[in-house]
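Chemist: The structure follows.
There are 2 protein chains.
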Amino acid sequence: MVSFDSKDLSTGKLHGYLLSAVAPRPIAFASTVDVDGNPNLSPFSFFNVFSANPPILVFSPARRVRNNTVKHTLENVEATMEVVINVVNYDLVHQASLSSTEYEKGINEFDKAGLTMLKSDIVKPFRVAESPIQLECKVKEIIKLGTEGGAGNLVICEVVKLHISKEVLDDNEMIDQEKLDLVARAGGDHYSRAKSGFFKVPKPLRTMGIGIDAMPEAIKNSMIFTGNDLGMLGNIEAFPTDEAIADFVKSVGEHHADIKEMTHREKHKMARNYLSYGDVDSAWKLLLS
Amino acid sequence: MVSFDSKDLSTGKLHGYLLSAVAPRPIAFASTVDVDGNPNLSPFSFFNVFSANPPILVFSPARRVRNNTVKHTLENVEATMEVVINVVNYDLVHQASLSSTEYEKGINEFDKAGLTMLKSDIVKPFRVAESPIQLECKVKEIIKLGTEGGAGNLVICEVVKLHISKEVLDDNEMIDQEKLDLVARAGGDHYSRAKSGFFKVPKPLRTMGIGIDAMPEAIKNSMIFTGNDLGMLGNIEAFPTDEAIADFVKSVGEHHADIKEMTHREKHKMARNYLSYGDVDSAWKLLLS
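Sequence lines, in order, name chains F and Y.
Under this note's numbering, the first residue of the first sequence carries the number 26, and numbering increases by one thereafter.
Under this note's numbering, the first residue of the second sequence carries the number 26, and numbering increases by one thereafter.
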């Protein structure tokens, strides 16, 4: 381990570490207008959802580390307390990146990035027609976190209207994550295309897993199982019954050598195989046979 | 487009839409202690970095949509104003998921998830030894966003100490995103492994791209170019000079049929080929030849 007190690091270095450590970050493609109605558009990855009731998104147009100037987006939300947050999918990446160029005040990034302004229903800022989800927001509060370069500004937004492209909805009118094809920011120049890395973990919330502490020592301390293997094994509600184990041994016996003669090591390896298919039940029956 | 007023949606439905729309979300594996020092550990994906100076992370242990109860993590940070935020990499996913089980107060999720408690330097909560980056934080403020089920609570944390595993550092002591191998949450049961979806986009900040509005009509309105293609083409500072174009035509002429006789369509297709390799310079020289 390398350890640093935050106060001993330069803002630039700390900025770099935090942006690599907290990732991948979703992107708010924020559309605002100034007091005269001139549009502005810029992406922000200091962004997330934080509440469903009320529906709250927060993004942070930070003061620039380099010269302590602020972004037009911040000036605009301070003046109008309105923003449309559009999501960024894979097809929009280069245009979103282009719009983050520091064009002068008054330059319309919709034009620069070749994107289409769509009138909103409730707020003044325009929606990005090319974005598959557009969220009209009223700004509730802006919290300044500091006054120096690198200081963030929490823009606390309440979503008042959602627009979702039919192309990303499934038959139940829910959002299909594969069709949506979102991208996120990570450290350095890295972007991450979410769906390339999709995998599923069954939700543990309703069941009460036995936990790794409740496992036999030989399993808990196995040299074969990884932390992920143990995590899967710990997420069962109860050990299988003796009867279920006996049935399992009988059914496997038809295809496999005598389980009773397997060593711990052999059983753990075979159990890992079951786990790799998500078959936690068979893994446990084998381990306890 | 399907459009909804937020107030017309149930909290459950709105929650589902927002969690799918704002993704992938980084994960805070939050370690806290109660007033008696009993440890608690739970993952949260309403989380991000928002400022480098001061270094601020925000996460939200929301009131449960289902029964409007609050999480032990929230009670603990309210009581002690301290937390260690550990990052979650691919090797930790199942253990992090297991620790999100709603065990009773007083149950130590470090034990349940088979994770190792590591003493912190500045704050009382323990670090997760298995996590490659551990961030000791003082809580500056907790902002309650509502009182009903689904209401978030912004826990505003200042990072006071960073611990980074040497295994994820490169030769310059910067964090290597591939080695770090972070995961994030998306809608439904989806997780996303960031590095599976990594790609790079050159940062546009220091240059001032000509923008898509400055391009010849035939290119801007091409049926061949996607938005991403135009975004890349718009991110040059200036068109290539006549001399550079003439040199390009000469050099390509040695390997290729006469460029002068190509149609717009043929040029656009060949330019797309250059763009697919990130060669924006050659794409422009071809297009303007």
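All residues carry an ideal CB built from backbone N, CA and C; glycine is no exception.
(1) On the CB-based measure, 16 or more other CB atoms within 10 Å of its CB, does residue 253 of chain Y come out buried or exposed?
(2) Output yes if chain Y places a C-beta closer than 9 Å to the C-beta of residue 54 of chain F; else output no.
(3) Would a check of beta-carbon distances place residue 62 of chain F closer than 9 Å to chain Y?
(4) In the DSSP assignment, the alpha helix (DSSP H) including residue 135 of chain F goes from what residue to what residue?
(5) So residue 311 of chain F is in the alpha helix (DSSP H); what residue range does that whole segment cover?
(6) Assuming the contact rule is C-beta atoms closer than 8 Å, residue 54 of chain F and residue 156 of chain F should be a hit. Round their C-beta distance to whole Å, please.
(7) By how many angstroms is the C-alpha of residue 154 of chain Y removed from the C-alpha of residue 58 of chain F?
(8) Use the C-beta contact count for residue 93 of chain Y: other C-beta atoms within 10 angstroms, 16 or more gives buried, fewer gives exposed.
(9) At a CB-CB cut-off below 8 Å, which residues of chain F make contact with residue 238 of chain Y?
(10) Confirm, please, whether the CB-CB distance from residue 263 of chain F to residue 244 of chain F is below 9 Å.
(11) Tell me the DSSP bridge mates of residue 159 of chain Y?
(12) Please return the same chain residues whose Cβ sits closer than 6 Å to the Cβ of residue 74 of chain F, not counting the five positions on each side in sequence.
(13) Please state if the CB of residue 120 of chain Y and the CB of residue 303 of chain F are separated by a distance shorter than 9 Å.
(14) Quick check on residue 241 of chain F - is its C-beta less than 9 Å from some C-beta in chain Y?
(15) Using the beta-carbon of each residue, which ones in chain Y are nearer than 7 Å to residue 303 of chain F?
(16) Bridge partners for residue 3 of chain F per DSSP, in chain order?
(17) Is the beta carbon of residue 311 of chain F less than 9 Å from the beta carbon of residue 28 of chain Y?
(18) Less than 9 Å between CB atoms is the rule here; does residue 293 of chain F satisfy it with respect to chain Y?
(19) Over what stretch of residues does the alpha helix (DSSP H) that includes residue 275 of chain F continue unbroken?
(20) Any C-beta of chain F sitting closer than 9 Å to the C-beta of residue 85 of chain Y?
(21) Could you check whether the Cβ of residue 151 of chain Y sits closer than 9 Å to any Cβ belonging to chain F?
(22) For residue 122 of chain Y and chain F, any beta-carbon pair shorter than 9 Å?
(23) Under 7 Å between beta-carbons, which chain F residues line up against residue 212 of chain Y? List them in chain order, please.
(24) In chain F, what lies closer than 8 Å to residue 155 of chain Y by C-beta?
(25) Candidates Y/219, Y/225, Y/190: which alpha carbon is nearest residue 224 of chain F's?
(26) Using the three-state DSSP reduction, which class does residue 287 of chain F fall into: helix, strand or coil?
(27) Given a threshold of 16 other Cβ atoms within 10 Å of its Cβ, counted over all protein chains shown, does residue 52 of chain Y qualify as buried or as exposed?
(28) With the cut-off set at 9 Å, would you say residue 151 of chain F and residue 143 of chain F are in Cβ contact?
(29) Tell me whether residue 204 of chain Y sits in a helix, a strand or coil according to DSSP, three-state version.
(30) Based on Cα-Cα distance, which residue from Y/108, Y/124, Y/116 lies nearest to residue 162 of chain Y?
(31) For the candidate residues F/43, F/77, F/31, whose alpha-carbon lies nearest to that of residue 46 of chain Y?
(32) Within 10 angstroms of the Cβ of residue 129 of chain F, are there 16 or more other Cβ atoms? Answer buried if so, exposed if not.
(33) What in chain Y is Cβ-close to residue 228 of chain F, meaning under 7 Å?
(34) How would you list, in chain order, the residues of chain Y whose beta-carbon sits under 8 Å from the beta-carbon of residue 173 of chain F?
(35) Residue 73 of chain F touches chain Y at which residues, Cβ-Cβ below 7 Å?
(36) What residues in its chain sit with their C-beta under 6 Å from that of residue 227 of chain Y, if we drop five residues either side in the sequence?
Modeler: Quick look at the numbers:
(1) By the neighbour-count rule (16 or more Cβ atoms within 10 Å), residue 253 of chain Y is buried.
(2) Cβ-Cβ to chain Y under 9 Å: no for residue 54 of chain F.
(3) So no, residue 62 of chain F is outside the interface.
(4) That run of the alpha helix (DSSP H) goes 134-137.
(5) Bounds of the alpha helix (DSSP H) holding residue 311 of chain F are 305-312.
(6) 6 Å between Cβ atoms; contact.
(7) Approximately 47 Å between the Cα atoms of the pair.
(8) Exposed, by the Cβ-count rule.
(9) Residues of chain F whose Cβ lies closer than 8 Å to the Cβ of residue 238 of chain Y are, in chain order, 136, 137, 139.
(10) No, these two residues do not count as a Cβ contact at 9 Å.
(11) Bridge partners of residue 159 of chain Y: Y/111, Y/188.
(12) Cβ neighbours of residue 74 of chain F beyond the five flanking positions: 82.
(13) No, the Cβ-Cβ distance between residue 303 of chain F and residue 120 of chain Y is not below 9 Å.
(14) For residue 241 of chain F, the answer is no, since every Cβ of chain Y falls outside 9 Å of its Cβ.
(15) Below the 7 Å Cβ cutoff, chain Y contributes no neighbours of residue 303 of chain F, its closest Cβ being approximately 11 Å away.
(16) Past the edges of chain F, shown from 26 to 314, lies residue 3 of chain F, and the structure says nothing about it.
(17) Contact: no.
(18) Closer than 9 Å: no.
(19) Looking at the DSSP string, the run of the alpha helix (DSSP H) that includes residue 275 of chain F is 267-278.
(20) By this cut-off, residue 85 of chain Y is an interface position.
(21) No, no contact with chain F.
(22) Any Cβ of chain F closer than 9 Å to the Cβ of residue 122 of chain Y would place that residue at the interface, and such an atom is present.
(23) Neighbours of residue 212 of chain Y on chain F, chain order: 200, 202.
(24) Listed along chain F, the residues sitting closer than 8 Å to residue 155 of chain Y by beta-carbon distance are 252.
(25) Taking each of Y/219, Y/225, Y/190 in turn and checking the Cα distance to residue 224 of chain F, the smallest one comes out for Y/219.
(26) Coil.
(27) Residue 52 of chain Y is buried by the Cβ-count criterion.
(28) Annotated as proximal: residue 151 of chain F and residue 143 of chain F, with beta-carbon spacing under 9 Å.
(29) If DSSP states are grouped into helix, strand and coil, residue 204 of chain Y belongs with the helices.
(30) Y/108 is the residue among Y/108, Y/124, Y/116 whose C-alpha sits nearest the C-alpha of residue 162 of chain Y.
(31) Per the Cα distances, F/77.
(32) Exposed.
(33) Those within 7 Å of residue 228 of chain F in chain Y are 214.
(34) The contacting residues are 78.
(35) Counting only Cβ-Cβ distances below 7 Å, residue 73 of chain F has contacts in chain Y at 47, 50, 71, 72, 73, in chain order.
(36) Within the same chain, residue 227 of chain Y has no close Cβ partners at all.
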